[in-house]
Amino acid sequence: MFSSTLRRRRFRSVTLQHRLGLEPMEMRRLLTAGLTVTPSRGLTTSEDGGSAIVRMALTQQPTADVTIPLASSNVLEGQVDKSQLVFTPANWNVVQQVRVTGQPDGVRDGNKVYQLITGDCVSTDPAYGGLMVKDATITNKDSRTLVAGATVKRTSGLKTTEDGGTDVFTVKLNYRPVADVSIVITSDNPGEGIADVGQLVFTPANYGVPQTVTITGQPDGVRDGTRTYHIVTGNTISTDPLYLGLAVSNVTVRNLDSRILVAGITVTPTTGLKTSELGAATAFGMVLRYRPTADVTVPLSSSNPSAGLPGVGSVTFTPANWNVPQMVSVTGRDDGLFNGDVRYRIVTGPAVSSDPLYSGRNAADVSILNIHRTDVGRYDGVYTGTYSGTVSGSGPINGPVRAEIRGGVITVSLPGTGDGTLSTGGGVDFSVSSGSVQGAVFVGRLASKTGTSTVTGAGTWTYLDLSGVSANGRWNVLRTGL
-9 MFSSTLRRRR
1 FRSVTLQHRL
11 GLEPMEMRRL
21 LTAGLTVTPS
31 RGLTTSEDGG
41 SAIVRMALTQ
51 QPTADVTIPL
61 ASSNVLEGQV
71 DKSQLVFTPA
81 NWNVVQQVRV
91 TGQPDGVRDG
101 NKVYQLITGD
111 CVSTDPAYGG
121 LMVKDATITN
131 KDSRTLVAGA
141 TVKRTSGLKT
151 TEDGGTDVFT
161 VKLNYRPVAD
171 VSIVITSDNP
181 GEGIADVGQL
191 VFTPANYGVP
201 QTVTITGQPD
211 GVRDGTRTYH
221 IVTGNTISTD
231 PLYLGLAVSN
241 VTVRNLDSRI
251 LVAGITVTPT
261 TGLKTSELGA
271 ATAFGMVLRY
281 RPTADVTVPL
291 SSSNPSAGLP
301 GVGSVTFTPA
311 NWNVPQMVSV
321 TGRDDGLFNG
331 DVRYRIVTGP
341 AVSSDPLYSG
351 RNAADVSILN
361 IHRTDVGRYD
371 GVYTGTYSGT
381 VSGSGPINGP
391 VRAEIRGGVI
401 TVSLPGTGDG
411 TLSTGGGVDF
421 SVSSGSVQGA
431 VFVGRLASKT
441 GTSTVTGAGT
451 WTYLDLSGVS
461 ANGRWNVLRT
471 GL
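Throughout the sequence shown, residue numbering follows my numbering, covering -9 to 472 in sequence.
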């Protein structure tokens, strides 16, 4: 046990007593006030967190609070759990303790000595104010459990998933190296999982800071259940001889089959495609989601061959090319009808395969719009009106009339009542003028939108509104008569 004393104790004398104007009792109190520190020497801590406890108490009751500042002379070797002790007139004789904990300095430097610094007492009591307390000497021991090496946190129990699920582990060095230390990171099965870094580098400055490695599961394309693989941490590489070739723990990971990944056929796109009657083509792609155990053939056909046809009748995937998209071209066709734009589908039939996961599996059909041609002379529709007139002077014929344009040919029909015939000859032109047609029963092709033609014969008829027709091209009369 060590009992500290006042500096003034060295000058005990009658002269001092007279100089301070103290009574003998006060002088004795002044000279005996002190602090016990137990123990004050022989203390040890260790780099793996071993600690030492120092106990303190006053030797006599103060008249005011007494504060003792505390600190470590080397915080890299040991740290104090409190910055000061305070003794009051009420608890002056109650022992208070200070814990000093050893710190790993990261260097294999043997045992190191440092001090618990106890500052001069602070108090308005003259017996304690300025009282010097001897520092405690402590030895921080190199722990035999701390040697050069790398710590991997979480070497097992990690999980990833085939739909990209991730997991992490960390690596740090145990001791400060004198040069950079590298650790190569690889996967022993990249088809199941990969790491986001190929190498970790630790420096003397960041050696103790854990570095995180993220592992991402990979889809292997086979429904093979949970598979175990490893992230391999290579031996350390460094010019520091303590870190040259040290083994580092590998990490065990399980890659789980994802429930959202099932055997299937992906078709892209399935909508928004267009072809045209002029022969414009489009295309879509097909690919399998999982590797099959046998060839998979998908039949292809058109729901309307007159509108468009696929370039091939089927697509075949093998276990080798299952994940390579195959493109299917579709070409528009001219159906010869004035029926506007036509929507049709490329039908994907049930898959044919000896792999039970793919046999009979049906992919999505592809919707395509075939654009109607708008070149000269091509108009479609059915137009109706009312006929009123005479035929060959035989009398009036009244009733509905109908004109139909299909495939570039117009057929105009008059009612079948009345008698007589209409003879136009072989070269009569019919034209559309101001929304009307003059003529009789005929089948021909449009000649002109301008001007007015009169059919050779005894009568003239205006009966049909063709306001939707706007084209140029000759209409040759092919047949006349009622």
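Ideal Cβ positions, reconstructed from N, Cα and C, are used throughout, including at glycine.
Counting the other Cβ atoms within 10 Å of the Cβ of P295 gives fewer than 16, which makes it exposed. The C-alpha of I255 is placed about 32 Å away from the C-alpha of I221. Nearest to Y219 by C-alpha distance, out of T226, G183, R281 and M317, is G183.
Per DSSP, N81 lies in no beta strand (DSSP E) segment and is marked neither H nor E.
Contact between the stretch 55 to 64 and the stretch 139 to 153 is not established, with fewer than three Cβ pairs separated by less than 8 Å. Residue state for P289 is assigned as strand, using DSSP reduced to three classes.
Taking the Cβ atoms as the reference, T260 lies roughly 5 Å from A354, within the contact range of under 8 Å. A direct Cα-to-Cα measurement between T308 and Y197 gives close to 50 Å. Every beta strand (DSSP E) stretch that sits fully inside the stretch 144 to 200 and reaches 3 residues is listed by chain position as 148 to 151, 156 to 163, 171 to 177, 183 to 185 and 189 to 192. Exposure of K143 is indicated by the presence of fewer than 16 other C-beta atoms within 10 angstroms of its C-beta.
DSSP, reduced to helix, strand and coil, places L33 within a strand of the structure shown.
DSSP places N245 in the uninterrupted beta strand (DSSP E) bounded by V241 to L246. Contact between the stretch 343 to 350 and the stretch 278 to 285 is present, with at least three C-beta pairs closer than 8 Å. For Y280, the three-state secondary structure derived from DSSP is coil. Its Cα nearest to that of G322, the residue G301 stands out among G301, G207 and T91. N360 counts as buried, since no fewer than 16 other beta carbons sit within 10 angstroms of its beta carbon. Contact between the stretch 332 to 340 and the stretch 236 to 246 is absent: fewer than three C-beta pairs spanning the two stretches fall below 8 Å. Judged by their CB atoms, L25 and G68 are not nearer to each other than the 9 Å cut-off. In the three-state reduction of the DSSP assignment, T53 falls in the coil class. N81 counts as exposed, since fewer than 16 other beta carbons sit within 10 angstroms of its beta carbon. Burial is judged here by how many other beta carbons sit within 10 angstroms of a residue's own beta carbon; I43 has fewer than 16 and is exposed. Take V174, set aside five residues on each side of it, and the residues of its chain with a beta-carbon closer than 6 Å to its own are Q189 and G224, in chain order. By the beta-carbon neighbour count (other beta carbons within 10 angstroms, threshold 16), M317 is exposed. Between the C-alpha atoms of P79 and C111 there is a straight-line separation of about 15 Å. Inter-residue distance for L299 and A271 is about 10 Å (C-alpha atoms, whole angstroms).
Annotation for Q316: the continuous beta strand (DSSP E) segment containing it runs Q316 to G322. Annotation for Y334: the continuous beta strand (DSSP E) segment containing it runs V332 to T338. Counting the other Cβ atoms within 10 Å of the Cβ of R351 gives 16 or more, which makes it buried. As a beta-bridge residue in DSSP terms, S41 pairs with T91.
When C-alpha distances from T53 are compared across T22, P116 and A237, the shortest belongs to P116.
Contact annotation: Q51 and T22 have beta-carbon atoms that are not nearer than 9 Å.
Each of A237, Q87, P209 and V27 was checked against the Cα of K124, and the nearest Cα belongs to V27. Under the DSSP assignment, V356 falls in the beta strand (DSSP E) whose first and last residues are V356 to I361.
Per DSSP, the beta bridge partners of M46 are V27 and Q86.
Beta bridge pairing from DSSP links V103 with T129.
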